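Chains as they are written, first to last, in the working numbering: chain A, 43 to 145; chain B, 42 to 497. Okay, structure first, notes after.
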Amino acid sequence: MSADERGGMSGDERGGMRAGKHGRMSAGGRGRRNRNQPRELRVNPVACQAHGVCIELLPELISADPWGYPVIAPGPVPPALIPLAERAANSCPTLALLLMSPD
Amino acid sequence: MPQADPPGPRAEPRTGAVARLLAGPEQRSLEDHLSQHGPPPFADIGRGGTDTAALITAVERAGLTGRGGAGFPAGRKMRAVTEAARHGGPFRSQTGTVVIANGAESEPASAKDRRLLSHAPHLVLDGIVLAAEAVGATRAYLCVHGGPEMLRDLREAVVSRERAGLSRVPVQVVSVPAGYVTSQETALVGLLNGTGARPSFVPPRPAQRGVQRHPTLVLNVETLACVALIARHGPAWFRELGTPAAPGSALFTISGAVTRPGVYELALGSTIGRALEEAGGPAEPPQAVLAGGYFGGWLPLPAARRAQLTDQSLRTSGAALGPGVLVVLPQSSCPLAEMARVTSYLASQSAGQCGPCRNGLPALADALGHVAFGRPGEDLLRWTDQLLGLVSGRGACHLPDGTAGLVASALAAFSDDVRQHARHGPCGRAARPPVLPLPEPPPVSPVAVPSPGGTP
Chain A
43 MSADERGGMS GDERGGMRAG KHGRMSAGGR GRRNRNQPRE LRVNPVACQA
93 HGVCIELLPE LISADPWGYP VIAPGPVPPA LIPLAERAAN SCPTLALLLM
143 SPD
Chain B
42 MPQADPPGPR AEPRTGAVAR LLAGPEQRSL EDHLSQHGPP PFADIGRGGT
92 DTAALITAVE RAGLTGRGGA GFPAGRKMRA VTEAARHGGP FRSQTGTVVI
142 ANGAESEPAS AKDRRLLSHA PHLVLDGIVL AAEAVGATRA YLCVHGGPEM
192 LRDLREAVVS RERAGLSRVP VQVVSVPAGY VTSQETALVG LLNGTGARPS
242 FVPPRPAQRG VQRHPTLVLN VETLACVALI ARHGPAWFRE LGTPAAPGSA
292 LFTISGAVTR PGVYELALGS TIGRALEEAG GPAEPPQAVL AGGYFGGWLP
342 LPAARRAQLT DQSLRTSGAA LGPGVLVVLP QSSCPLAEMA RVTSYLASQS
392 AGQCGPCRNG LPALADALGH VAFGRPGEDL LRWTDQLLGL VSGRGACHLP
442 DGTAGLVASA LAAFSDDVRQ HARHGPCGRA ARPPVLPLPE PPPVSPVAVP
492 SPGGTP
């Protein structure tokens, strides 16, 4: 199953994220990257539909606002939490949670 | 007020009213334009050469910043587009970049882009072509909000240039749908891509991938007119006005309680007092000035008269240069009632894409309504503060951040009024006609009215 079928993001958008100079990223941490590079979580607020999966999976860094949308703790993801952050990003039904290198 | 500019060896930069962009009488025809400004130095930037990159260097040296509101360095934006075209990733478009001239000013209190496009449309079109040459663009768009008359005039201007052989790239005049966020740069890209004039998540920025995946340069029309002047006269000339940190001149829309509201060109670094004098001075006793439009902030008068019109200086005082908007609020107006109206308008302008904006801005508007027209208790003020934090930085565009910043600045600048309202309820001044402009017709419910027999 391709990411497109999983919904949320067009091939176009993903392409730009990979190609983008402002943050080489991969939705959910797939792809080649340096393990030691600092990474931060971002929400694509257009794609986010407040399913709340990330809030369940990563309460250490993500809390809910009064309307159920995720609020991310500022700053880079602590290295120990990166596997959990990857899992949360991979589990987002709309692929709205992004684990990316800071700008 | 912090002085942004260290004393330089050069002559003291001039401040005050100037006439560069708005020089001379209106130049609607190409002939008038050419006699006012002379021919545009197309692909001739490096003195007779075809070194188009020289223009980017000149714009960088001039220190030109975007005049659309964000104030991003224009040269850096141009360079980002050329670099994206050179080193694009695997999804790179085959060839060419795109230029978008943003003349779709959505800021209700701003009229400067419209004024510039009617005063010197060919200066903007020169800038479009020069910028297109510099970044290797193969087409350009001039995006405006405007009636059929404005569109017709601009299209005629484009045609007259094509006839005169001054058109190096095709320029298409595009009408942008009404709305506060439709002129945001990613929304313009969406409009041109056929996906709707709504802001989108970045990255990718338009400079990386915009119209049909091409690296896209989006610059405000005033910024492009400045590019056309820098191409003609050079960066040193541009820096003869303004301060070293904020060089050049800019257009300002001055309204509210002033004797002669209108659009004025001032050197950056002029004081707010000087700008207000230019607009004829206060028409009645003033209490504060809104600087930077609805993404800006409030500065109490008369203290703000000494504030310098540079983004750096205004930001340290909690306002912004924005698109050059100054609105003077008279003492006879209730600032909280004004803010309740504006917040409600801004909430109505949410594209509805991002949950925190879609939910948070109406809640904020509701809270401001209670602050102005109810009796704000501790709980309400705490909730308002909390909402400001909850919406900031959580949208695809800056509508939530800008709205929160404006409300925060109002609550700080008018804290006495908030206390008065908390003690005594709404004040009598709330009944005064509003000073802060909202677009005509006033915002109504976004629900579409079905037309009888119309298409769905």
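All residues carry an ideal CB built from backbone N, CA and C; glycine is no exception. Please read all numbers here as calculations on a predicted model, not as lab measurements.
Using a cut-off of 8 Å between C-beta atoms, extract the partners of residue 86 (chain A) located in chain E. Absent here is chain E; the protein component of the structure consists of chains A and B.
Applying a beta-carbon distance threshold of less than 7 Å, which residues of chain B neighbour residue 106 (chain A)? Within 7 Å Cβ-Cβ: nothing; residue 106 (chain A) doesn't reach chain B, min ~11 Å.
Nearest neighbour of residue 128 (chain B), chosen from B:80, B:271, B:255, B:154 [CA to CA]: Checking every option, the nearest Cα to that of residue 128 (chain B) belongs to B:255.
With a threshold of 6 Å (Cβ to nearest heavy atom), would residue 285 (chain B) be considered close to the ligand NAD? The ligand content of the structure shown is nil, which means the ligand NAD is not present either.
Among B:223, B:252, B:246, B:247, nearest to residue 238 (chain B) - alpha-carbon criterion: Restricting attention to B:223, B:252, B:246, B:247, the CA atom closest to the CA of residue 238 (chain B) is found in B:223.
At least one CB of chain A closer than 7 Å to the CB of residue 68 (chain B): is that the case? With a threshold of 7 Å between beta carbons, residue 68 (chain B) makes no contact with chain A.
Considering only the beta carbon of each residue, do residue 453 (chain B) and residue 371 (chain B) sit closer than 7 Å? With respect to residue 371 (chain B), residue 453 (chain B) sits apart: the two C-beta atoms are not nearer than 7 Å.
Please list, in chain order, all residues of the same chain as residue 82 (chain B) whose beta carbon is under 7 Å from its beta carbon, the five residues on each side excluded. Listed in chain order, the non-local C-beta contacts of residue 82 (chain B) below 7 Å within the same chain comprise 272, 273, local neighbours out to five positions each way being set aside.
According to a CB-to-CB cut-off of less than 7 Å, which residues of the segment 383-411 of chain B neighbour chain A? Flagged, chain order: 394, 395, 396, 397, 400.
Pull out every residue of the segment 89-102 of chain A whose Cβ sits closer than 9 Å to any Cβ of chain B, in chain order. Under the 9 Å Cβ criterion, the segment 89-102 of chain A contributes 89, 90, 91, 92.
With DSSP run on the structure shown, which of helix, strand or coil describes residue 180 (chain B)? Residue 180 (chain B) falls in the strand class under three-state DSSP.
Taking 7 Å as the CB-CB cut-off, is residue 431 (chain B) touching chain A? With 7 Å as the cut-off, residue 431 (chain B) counts as an interface residue toward chain A.
C-alpha gap between residue 87 (chain B) and residue 294 (chain B), whole angstroms: Low local confidence applies: a pLDDT of 41 at residue 87 (chain B) is under 50, so the model's placement there is unreliable, with the coordinate-based value given in what follows. If you take the alpha carbons of residue 87 (chain B) and residue 294 (chain B), they lie about 35 Å apart.
Can you list, in chain order, the residues of its chain with a C-beta nearer than 6 Å to that of residue 436 (chain B)? Leave out the 5 residues immediately preceding and following it. In the same chain as residue 436 (chain B), and ignoring 5 residues on each side of it, the C-beta atoms closer than 6 Å to its own belong to 395, 398, in chain order.
Within the chosen definition, does the segment 319-327 of chain B reach the segment 374-382 of chain B through at least 3 CB pairs nearer than 8 Å? Note that the segment 319-327 of chain B does not touch the segment 374-382 of chain B; fewer than 3 beta-carbon pairs, one per stretch, sit closer than 8 Å.
Give me the Cβ distance between residue 340 (chain B) and residue 360 (chain B), rounded to the nearest whole Å; I'm assuming they're in contact under 8 Å. The C-beta distance from residue 340 (chain B) to residue 360 (chain B) rounds to 5 Å, short enough to fall under 8 Å.
Nonlocal neighbours in the same chain, by C-beta distance under 7 Å from residue 283 (chain B), ignoring five residues either side: Excluding positions up to five away in sequence, the list reads 54, 289, 290, 308, 309, 310.
Within the continuous alpha helix (DSSP H) that includes residue 443 (chain B), where are the two ends? Annotation for residue 443 (chain B): the continuous alpha helix (DSSP H) segment containing it runs 440-454.
Cβ pair residue 12 (chain B), residue 181 (chain B) closer than 7 Å: An answer regarding residue 12 (chain B) cannot be provided, because it is not within the stretch 42 to 497 covered by chain B.
Identity of the residue in A:88, A:89, A:110 nearest residue 98 (chain A) by Cα: Checked all of A:88, A:89, A:110; the closest Cα to residue 98 (chain A) is A:110.
My assumption, with CB atoms under 8 Å, is that residue 85 (chain A) sits in contact with residue 112 (chain A). Please give the rounded CB distance. Taking the Cβ atoms as the reference, residue 85 (chain A) lies roughly 6 Å from residue 112 (chain A), within the contact range of under 8 Å.
Buried or exposed: which applies to residue 462 (chain B), given that a residue is buried once 16 or more other Cβ atoms fall within 10 Å of its Cβ? Classification of residue 462 (chain B): buried, given that the 10 Å Cβ count is 16 or more.
Taking only runs that begin and end inside the segment 159-216 of chain B, name each unbroken beta strand (DSSP E) of 3 or more residues, in chain order. Within the segment 159-216 of chain B, the complete beta strand (DSSP E) runs of at least 3 residues are 178-185, 212-216.
Taking only three categories from DSSP, how would you classify residue 25 (chain B)? What is shown of chain B runs 42 to 497, which leaves residue 25 (chain B) out entirely.
Evaluate the contact criterion for the segment 153-172 of chain B versus the segment 69-76 of chain B: three or more CB pairs, one atom per stretch, below 8 Å. Yes, the segment 153-172 of chain B is in contact with the segment 69-76 of chain B.
Quick check on this structure: which residue in B:257, B:100, B:404, B:458 has the alpha carbon closest to the alpha carbon of residue 136 (chain B)? Among B:257, B:100, B:404, B:458, the Cα nearest to that of residue 136 (chain B) belongs to B:257.
Which of the three DSSP states is assigned to residue 112 (chain A) in this structure? Correct three-state label for residue 112 (chain A): strand.
For residue 84 (chain A), write down the residues that DSSP places opposite it in a beta bridge. Beta-bridge pairing links residue 84 (chain A) to A:140.
Check whether the segment 191-209 of chain B and the segment 170-177 of chain B touch, using three or more Cβ-Cβ pairs below 8 Å as the test. Contact between the segment 191-209 of chain B and the segment 170-177 of chain B is established, with three or more Cβ pairs separated by less than 8 Å.
Straight-line CA distance for residue 334 (chain B) to residue 120 (chain B)? Looking at the two C-alpha atoms, the distance is approximately 29 Å.
Between the CA atoms of residue 475 (chain B) and residue 130 (chain A) - distance to the nearest angstrom: Each residue's alpha carbon lies about 48 Å from the other.
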